[in-house]
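A short write-up of the structure that comes next.
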Amino acid sequence: MKLVNRFSDFLRDTVNLNQTRLDFLEGSADAIEEFIREAEWEPRIWKFERQGSWAAKTIIKPVEGAEYDADLLAIVAPVDGWEAKDYVKSLYDIFSASGRYGDKVELYDYCVTIVYAGMRRIDIAPCVRGREVADHHEVCDRSANEFVPSEPTAFTEWLKERNSHSGNDSFRKVTRLVKYLRDITSRFECPSVLLTTLLGNQMQWNDKEFAGFEDVPSALKTLIIRLDTYLQTQPIRPTVANPSLNGEDFGELISQAQYDTLRNVIHQLRSDIEEAYEKSGFYDSVLAWRQVFGDGFAKGVTVAHKAESADLTENVEAERALLVASAHHDDSLADKIVSFGRWIWSPDFDRPPHIRPPIWKVAENISDNVQVLARWHPSQHSPEGSSRQVRDFEELPADGGLWFDVRVNGGEQVPIGHFVRWRITNTGRIAMAMGAGRGGFESPQLGHKRWEQLSYKGVHLAEAFIIRSADSQLVGQSSAFHVLIR
Numbered sequence: 025m026k027l028v029n030r031f032s033d034f035l036r037d038t039v040n041l042n043q044t045r046l047d048f049l050e051g052s053a054d055a056i057e058e059f060i061r062e063a064e065w066e067p068r069i070w071k072f073e074r075q076g077s078w079a080a081k082t083i084i085k086p087v088e089g090a091e092y093d094a095d096l097l098a099i100v101a102p103v104d105g106w107e108a109k110d111y112v113k114s115l116y117d118i119f120s121a122s123g124r125y126g127d128k129v130e131l132y133d134y135c136v137t138i139v140y141a142g143m144r145r146i147d148i149a150p151c152v153r154g155r156e157v158a159d160h161h162e163v164c165d166r167s168a169n170e171f172v173p174s175e176p177t178a179f180t181e182w183l184k185e186r187n188s189h190s191g192n193d194s195f196r197k198v199t200r201l202v203k204y205l206r207d208i209t210s211r212f213e214c215p216s217v218l219l220t221t222l223l224g225n226q227m228q229w230n231d232k233e234f235a236g237f238e239d240v241p242s243a244l245k246t247l248i249i250r251l252d253t254y255l256q257t258q259p260i261r262p263t264v265a266n267p268s269l270n271g272e273d274f275g276e277l278i279s280q281a282q283y284d285t286l287r288n289v290i291h292q293l294r295s296d297i298e299e300a301y302e303k304s305g306f307y308d309s310v311l312a313w314r315q316v317f318g319d320g321f322a323k324g325v326t327v328a329h330k331a332e333s334a335d336l337t338e339n340v341e342a343e344r345a346l347l348v349a350s351a352h353h354d355d356s357l358a359d360k361i362v363s364f365g366r367w368i369w370s371p372d373f374d375r376p377p378h379i380r381p382p383i384w385k386v387a388e389n390i391s392d393n394v395q396v397l398a399r400w401h402p403s404q405h406s407p408e409g410s411s412r413q414v415r416d417f418e419e420l421p422a423d424g425g426l427w428f429d430v431r432v433n434g435g436e437q438v439p440i441g442h443f444v445r446w447r448i449t450n451t452g453r454i455a456m457a458m459g460a461g462r463g464g465f466e467s468p469q470l471g472h473k474r475w476e477q478l479s480y481k482g483v484h485l486a487e488a489f490i491i492r493s494a495d496s497q498l499v500g501q502s503s504a505f506h507v508l509i510r
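Counting in the numbering used here, the sequence shown runs from 25 upward without gaps.
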C-alpha cells in the first residue's frame, strides 16, 4: 500500500528541514552577504548564489545532535596579481577581524565557514568569474594554491530540470528520502553530490506523464528500481560524470569498497520497497514501510492488529481531510486525535488564523532548541506534591490547570539577561464563541513560568519566546506544546 499521506507526514515531520530552520538559514545568509558587501574586501562582488542541497531544495533535517549546513557562493571578478589562496585567506581575514563573526569563523581549503553555536554552519566559497575565459567560473583551492574549474550554478539548474520531469516535486522528495536513509541508518557512504547525480541520471524527459511519478511512494519505487537496475550492470565503480562540467567524475568521490556497499544496499532497498508497496492491509503496510525507514514512519500509528483491512485507512484519510478546513474551530478535532492518534494533526494547525506573529526583531543567531515543559496542578497555588508531568498531546479533562516552564538545549535554564513571553492560543467552538481564542503574547507569572486554567474543549497551543534584554531581539522560539482537552 502506498500510504501517500503517511509519506507526506514523514517528509514534513521527520525528513525535511523545518521552515523555522530554513528561515534562520536565510536570515543568516542575508546578514553574511550584507557584511561582505560592506567590508573592505578587495574583489568586486558580482553576486551571491545559494548552492548544494539548499539551492536544489533537497536539504534535510540533520540526525539528532548534528548541525545542518549550507553553501553560499561569492561570485567575484578577478583581482590583478592575486593567486587562488588570496581569495580564501582575504575573505577569512575580514570575518576574523570582525567583532560580529571573529569567534564564529573557521578557515578551510575552498571556503570559510561561519559556525552558529552548534546549530548550523554556512560555508562561503569565493568563485572567480572570467579570470581567463569570459563567463567561466573557478573556485579557489587555498592549500594547493590552484584555481579549479567549476560550474556549481549549472549543476543546480540541472537538478531543477530533473525535478521538472517528475510530478509534484517527487524527484526532490525522493532525493530527500534516500539521503535520510543514508544518514539515519549509516548503512552506506555516498556524498550528496554523487547520490543526487545517480538519482538524477535515472530521470527521463517524459516521466511527468508516467504513473510511476504520480506520488512520492510511486516515484521512490520507480527511481530505486531504475537505480538498482543500473548499478547491477556495473560491478566496477562506474564513471559518474558531472552533468555541468566536462571532465569531472563524481564517481571518484568513493572507493570501490564503498561503491560495493552502496550497490548492495540499493539492491536490498529495492526488495524492501517493492514489498512494502505491494502490501494490502493498512497495518501490514505500516510495518513494511517501517522496515525501510524505521519507527519514525507513521510514528503516530500503534500497530495492534496487523491484519486490519484497507477500509480503516480510507476512513482515517476521509476524517483527516474533513479536519483541514475546520481544525481551528471544530470541537471534533480533539475527538479525532483521541480516536486516530496524534499523526492526524497537521503542523498547519499550529498556525490558526487568529494567531499573532512575533513582535520583536529577530536576532541573527536564533535557536529553535527551546523546550516547553508542562505540569498539571489541581489549582494555581497547589503544592508541588499534588502535580504531575504532562506530555505533548496528552488527553486532559477540563479541570485544574497547567504550569508551563521553558528550558533550552535539552534541559538548561534560560540564560541570565533574557526574558520569556508566552503565546497561548486556544481553539475549539466554545473558546472561539467566548472570545477566548487569544493568540497574543503574555508575561509569565512566576519566574519564566506561565499558569493556564484548563477550561475549553479543543487542542490548545503554548509556545515560549526568549528575548534578549539588552536589545529586545528574539533569540529563541519553541515549537508548539499541544494541550488536548476533551
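Beta carbons are placed, not taken as given, at the ideal position from N, Cα and C, and that holds for glycine. In this text the structure is predicted, and so the values were computed from the model without any measurement.
Contact set for residue i: own chain, Cβ-Cβ below 8 Å, skip 5 residues either direction
{"i": "Trp-182", "result": "Gly-224, Pro-267 and Ser-268"}
{"i": "Gln-258", "result": "Arg-287"}
{"i": "Ile-390", "result": "Phe-48, Gly-51, Leu-498, Val-499, Gly-500 and Gln-501"}
{"i": "Gln-256", "result": "Arg-287 and His-291"}
Cut-off 7 Å between Cβ atoms - residues of its own chain near residue i, not counting five sequence neighbours on either side
{"i": "Asp-511", "result": "The question about residue 511 has no answer here: the residues shown for the chain are numbered 25 through 510."}
{"i": "Asp-165", "result": "Ala-108, Asp-133, Tyr-134 and Val-172"}
{"i": "Pro-462", "result": "Checking the sequence shown, residue 462 turns out to be Arg, not Pro. Once the five neighbours on either side are set aside, the close Cβ partners of Arg-462 are Ile-448, Thr-449 and Asn-450."}
{"i": "Val-39", "result": "Ile-84, Lys-85, Arg-200, Leu-201 and Tyr-204"}
{"i": "Tyr-103", "result": "Tyr is not the amino acid found at residue 103; the sequence shown has Val there. Excluding sequence neighbours, Val-103 sits near Glu-66 and Pro-67."}
{"i": "Arg-211", "result": "Val-289"}
Buried or exposed (CB count within 10 angstroms, at least 16 for buried), residue i
{"i": "Ile-383", "result": "exposed"}
{"i": "Met-25", "result": "buried"}
{"i": "His-405", "result": "exposed"}
{"i": "Trp-313", "result": "buried"}
{"i": "Glu-487", "result": "buried"}
{"i": "Asn-288", "result": "exposed"}
{"i": "Glu-476", "result": "buried"}
{"i": "Ala-80", "result": "buried"}
{"i": "Ala-504", "result": "buried"}
{"i": "Thr-82", "result": "buried"}
{"i": "Ala-235", "result": "exposed"}
{"i": "Gln-469", "result": "exposed"}
{"i": "Ala-328", "result": "For Ala-328, the pLDDT reaches just 46, beneath the cut-off of 50, and the residue's location in the model is therefore unreliable, leaving the point undetermined."}
{"i": "Val-157", "result": "exposed"}
{"i": "Asn-187", "result": "buried"}
{"i": "Leu-347", "result": "Because Leu-347 carries a pLDDT of 43, less than 50, the predicted location of this residue cannot be relied on, and no value is offered for it."}
{"i": "Gln-226", "result": "buried"}
{"i": "Glu-162", "result": "buried"}
Spatial neighbours of residue i in its chain, beta-carbon cut-off 6 Å, leaving aside the 5 residues before and after
{"i": "Gly-76", "result": "Asp-95"}
{"i": "Pro-402", "result": "Ser-410 and Gly-424"}
{"i": "Leu-49", "result": "Ala-94"}
{"i": "Phe-465", "result": "Arg-445 and Arg-447"}
Of the listed residues the options, nearest to residue i (C-alpha basis)
{"i": "Gly-320", "options": "Gly-459, Tyr-116, Glu-50 and Thr-209", "result": "Thr-209"}
{"i": "Phe-72", "options": "Ala-53, Leu-46 and Thr-253", "result": "Ala-53"}
{"i": "Trp-106", "options": "Arg-380, Tyr-254, Gly-435 and Val-152", "result": "Val-152"}
{"i": "Pro-150", "options": "Val-129, Glu-156, Tyr-116 and Met-458", "result": "Tyr-116"}
{"i": "Asp-193", "options": "Val-103, Trp-229, Asn-393 and Asp-239", "result": "Asp-239"}
{"i": "His-442", "options": "Gly-305, Ala-168, Glu-298 and Val-499", "result": "Val-499"}
{"i": "Ala-358", "options": "Leu-311, Glu-419, Gly-318 and Ala-300", "result": "Glu-419"}
{"i": "Ala-55", "options": "Tyr-140, Glu-66, Pro-67 and Leu-131", "result": "Tyr-140"}
{"i": "Arg-68", "options": "Gln-256, Val-394 and Ala-98", "result": "Ala-98"}
{"i": "Asp-47", "options": "Phe-212, Asp-37, Asp-429 and Trp-78", "result": "Trp-78"}
{"i": "His-506", "options": "Phe-373, Ser-493, Met-456 and Ile-278", "result": "Phe-373"}
{"i": "Arg-261", "options": "Val-129, Ala-460, Gly-471 and Glu-276", "result": "Glu-276"}
{"i": "Ser-167", "options": "Pro-176, Leu-131 and Ile-146", "result": "Leu-131"}
{"i": "Pro-176", "options": "Ser-122, Asp-159, Gly-365 and Glu-62", "result": "Asp-159"}
{"i": "Lys-303", "options": "Glu-272, Ile-248, Arg-250 and Pro-241", "result": "Pro-241"}
{"i": "Arg-366", "options": "Ser-120, Lys-323, Ser-32 and Ser-309", "result": "Lys-323"}
{"i": "Ile-519", "options": "Val-362, Ile-248, Ala-460 and Lys-128", "result": "Coverage of the chain is limited to positions 25 through 510, which leaves residue 519 absent and any answer about it impossible."}
{"i": "Asp-37", "options": "Phe-317, Leu-485 and Pro-371", "result": "Pro-371"}
Residue i and residue j closer than 7 Å at C-beta
{"i": "Asp-231", "j": "His-189", "result": "yes"}
{"i": "Trp-427", "j": "Arg-399", "result": "yes"}
{"i": "Val-87", "j": "Asp-207", "result": "yes"}
{"i": "Ile-509", "j": "Lys-481", "result": "yes"}
{"i": "Leu-293", "j": "Cys-214", "result": "no"}
{"i": "Lys-245", "j": "Leu-35", "result": "no"}
{"i": "Tyr-92", "j": "Arg-144", "result": "yes"}
{"i": "Val-386", "j": "Ser-502", "result": "no"}
{"i": "Val-517", "j": "Phe-306", "result": "Here the chain comprises residues numbered 25 to 510, so residue 517 is not present and cannot be evaluated."}
{"i": "Trp-70", "j": "Ile-118", "result": "no"}
{"i": "Asp-495", "j": "Thr-44", "result": "no"}
{"i": "Asp-429", "j": "Lys-473", "result": "yes"}
{"i": "Val-316", "j": "Asp-296", "result": "yes"}
CB contact below 7 Å: residue i versus chain D
{"i": "Asp-165", "result": "In the displayed structure, chain D is absent; only one protein chain is listed."}
Would you list, in sequence order, the uninterrupted alpha helix (DSSP H) runs of no fewer than 4 residues that lie entirely inside the segment 256-323? 280-302 and 306-317
Runs of alpha helix (DSSP H) lying entirely within the segment 191-267, each at least 4 residues, in chain order: 194-209, 216-224 and 240-256
If we require 3 or more residues per run, which beta strand (DSSP E) segments fall completely within the segment 83-155? 92-100, 129-131, 136-140 and 144-153
Every unbroken beta strand (DSSP E) inside the segment 472-499 [3 residues or more]: Taken in chain order, the whole beta strand (DSSP E) runs of length 3 or more contained in the segment 472-499 are 474-477 and 482-492.
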